[in-house]
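Q: Chains as they are written, first to last, in our numbering: chain A, 1 to 95; chain B, 96 to 579. Quick one: the structure is below, and I'll ask about it shortly.
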């Protein structure tokens, strides 16, 4: 299989990456090369094999439902691009 | 002093032959002199390092000291360190001064070690040559026209050039072992879950693991003693008894069974690399080991599987970089979506965008089963190969990288060629096993060759023993680049 330019455009949109036509075309060629490499695994028979996400098959750890984080709002907002009165500023989304 | 091991530096500090301030200053001077040539560090902050050194010196007066107290350790710029610029090699985080410490960083701080600076790396740890860093490529100290490997290339170059005694790295598909091999140093990626990922900027969460890089197995053991340990803030951190990783260093190797995967010694490896690795195996036989031929039949699928799983996890992890809470925001934008799209387009480099796009595609509707689920199933087959192999052997050995360090720009236009340079390391991450690389000779153009040692789960102490005994019998690890 290979990705069309429309596929690549859709992926860029889903990934929230602005790309011009030239960048989309370059990405199309490279992604198709990479998917050529990935195609090798399609033919493998994996019937009955459990998917593996962690090498040690552990159950998720639980903890007491209690406050563990102190208030560090000022420290965290000091590194934000734009804040005002303790709020993160973004372009208006609700009229 | 700059050629001293961590053990020697610790002893000199405790005997008051040198103060931590003097030691730290001498490394800072060396960095000032050589970093313009190597670009191994993104950030040095002499004031902060020396303040820590002064504090360490007072600890010597009070007597509460450990193996690494007062010793300057460089940190890969993927670890958040409070008050330090933490860029992860990206323009996206060009102005991110971390408000908190990664677990690994606080472990070093508690041990009284000095943060000597933040080392250069491939952007978000995605790369095998250090050429994807927004802060420029790192040069290999053995030949500055060549790459140091990646993604922990800044760390590898800094250790090789004696800009620090030891440093940290992270390894998602080979990012500790491959640069260690290409720069002629030692590096260890522990079993997944041994070192906490808290505060370590995420690339592929089910594969990422921190580990030590240094000049000898003995130094790595001392580093791992500080780095390893349970941390409840990382949901995949393993609850285990604290280990002393130096405990087995001096055991003899008589009776050790070394597995050699036939797939690793097939076509693809450079003849110079093969020669050095075979000579190392011969040395192990002299040390009392026996050789077993093993097979890892599914390991050939590790590159395609990795390039589905790692980008999928990366595309999800990197969605947090949106120009709202931290990092880069585009100077001009229209609505909210436009702000996201422009900030991400301008803040990420080409390789990172490529991987985000691969990941977005394989996770998108209609493709999940064919790619992501299939890759996770093959991942289990790859892990099972190792489980079978360890019924016949104690450790597995082979090359770390198919070639020695290549030239800067040599693989620039072809991502697939670059991806294949991790062909021997990736399976280890997929299986979650510990792996290391130690220097075992020199290949073409007198560039270092690395021997990869793969252990069974939680067998780090044995691997360090296996590496240490080799380093007692040979001197490959003590060669240093000349003429810098």
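All residues carry an ideal CB built from backbone N, CA and C; glycine is no exception.
With three or more C-beta pairs closer than 8 Å as the rule, is the stretch 150-167 of chain B touching the stretch 98-111 of chain B?
A: Judged by Cβ distances under 8 Å, the stretch 98-111 of chain B makes contact with the stretch 150-167 of chain B, as three or more pairs qualify.
Q: Can you tell me the Cα-Cα spacing of residue 293 of chain B and residue 196 of chain B, whole angstroms?
A: Near 9 Å, if we compare the C-alpha coordinates of residue 196 of chain B and residue 293 of chain B.
Q: Going by DSSP, what residue range makes up the beta strand (DSSP E) through residue 349 of chain B?
A: Residue 349 of chain B -> no beta strand (DSSP E), and no H or E assigned at all.
Q: Can you give me the C-alpha to C-alpha distance between residue 133 of chain B and residue 235 of chain B, rounded to a whole angstrom?
A: So the two alpha carbons sit approximately 7 Å from each other.
Q: Of all Cβ atoms in chain A, is any one closer than 9 Å to the Cβ of residue 168 of chain B?
A: Cβ-Cβ to chain A under 9 Å: no for residue 168 of chain B.
Q: Closest Cβ-Cβ distance between residue 108 of chain B and chain A: below 9 Å?
A: By this cut-off, residue 108 of chain B is not an interface position.
Q: Measuring straight from C-alpha to C-alpha, what distance separates residue 93 of chain A and residue 432 of chain B?
A: When rounded, the distance between both Cα atoms is 10 Å.
Q: Around the C-beta of residue 20 of chain A, are 16 or more other C-beta atoms found within 10 angstroms, so that it is buried, or is it exposed?
A: Classification for residue 20 of chain A: exposed.
Q: Using only the alpha-carbon positions, how far apart do residue 25 of chain A and residue 323 of chain B sit?
A: Spanning the two alpha carbons is a distance of roughly 45 Å.
Q: Output the boundary residues of the beta strand (DSSP E) element that contains residue 153 of chain B.
A: Per DSSP, residue 153 of chain B belongs to no beta strand (DSSP E); it is in the alpha helix (DSSP H), 141-157.
Q: Provide the residue span of the beta strand (DSSP E) that contains residue 249 of chain B, from first to last.
A: Counting along the chain, residue 249 of chain B falls outside any beta strand (DSSP E), though it belongs to the alpha helix (DSSP H) covering 248-255.
Q: Exposed or buried, residue 295 of chain B, counting other C-beta atoms within 10 Å across all chains shown (16 or more means buried)?
A: Buried.
Q: Am I right that residue 308 of chain B and residue 354 of chain B are in contact with their C-beta atoms under 8 Å? What's the rounded C-beta distance?
A: In fact, because the Cβ distance is near 25 Å, the residues do not count as touching under 8 Å.
Q: Jot down the residue ranges of each uninterrupted beta strand (DSSP E) in the stretch 524-557 of chain B, minimum 3 residues, whole runs only, in chain order.
A: Counting only runs of 3 or more, we get 530-537 and 543-550.
Q: Just to check my reading of the structure: residue 272 of chain B and residue 532 of chain B have Cβ atoms closer than 8 Å, yes? What is that Cβ distance to the nearest angstrom?
A: Right, the Cβ-Cβ distance comes to about 4 Å (below 8 Å), so this counts as a contact.
Q: Note the first and the last residue of the continuous alpha helix (DSSP H) segment covering residue 381 of chain B.
A: From DSSP, the alpha helix (DSSP H) with residue 381 of chain B extends over 366-381.
Q: Do residue 225 of chain B and residue 199 of chain B have their CB atoms nearer than 9 Å?
A: Not closer than 9 Å, so no.
Q: So, with DSSP's three-state summary, where would you put residue 100 of chain B?
A: In this structure, residue 100 of chain B counts as coil in the three-state DSSP scheme.
Q: Under three-state DSSP, which class holds residue 342 of chain B?
A: Three-state DSSP puts residue 342 of chain B in coil, outside helix and strand.
Q: Examine chain B for any beta-carbon lying closer than 9 Å to the beta-carbon of residue 7 of chain A, and answer yes or no.
A: Chain B contact via Cβ: present.
Q: CB-CB under 6 Å to residue 363 of chain B, same chain, minus the five flanking residues each way: which ones, in chain order?
A: Answer for residue 363 of chain B: 497, listed in chain order.
Q: Let me check one thing: in DSSP terms, what residues is residue 235 of chain B bridge-paired to?
A: Beta-bridge pairing links residue 235 of chain B to B/238.
Q: Quick check on residue 254 of chain B - is its C-beta less than 9 Å from some C-beta in chain A?
A: For residue 254 of chain B, the answer is no, since every Cβ of chain A falls outside 9 Å of its Cβ.
Q: Thinking residue 499 of chain B and residue 546 of chain B are a contact (beta carbons under 8 Å), I'd like their distance in whole angstroms, please.
A: About 13 Å separates the two Cβ atoms, so there is no contact after all.
Q: Could you give the first and the last residue of the continuous alpha helix (DSSP H) run that contains residue 447 of chain B?
A: Run containing residue 447 of chain B: 445-458, per the alpha helix (DSSP H) assignment.
Q: When the Cα atoms are used, what is the spatial distance from residue 283 of chain B to residue 429 of chain B?
A: Answer to the nearest angstrom: the Cα atoms are 47 Å apart.
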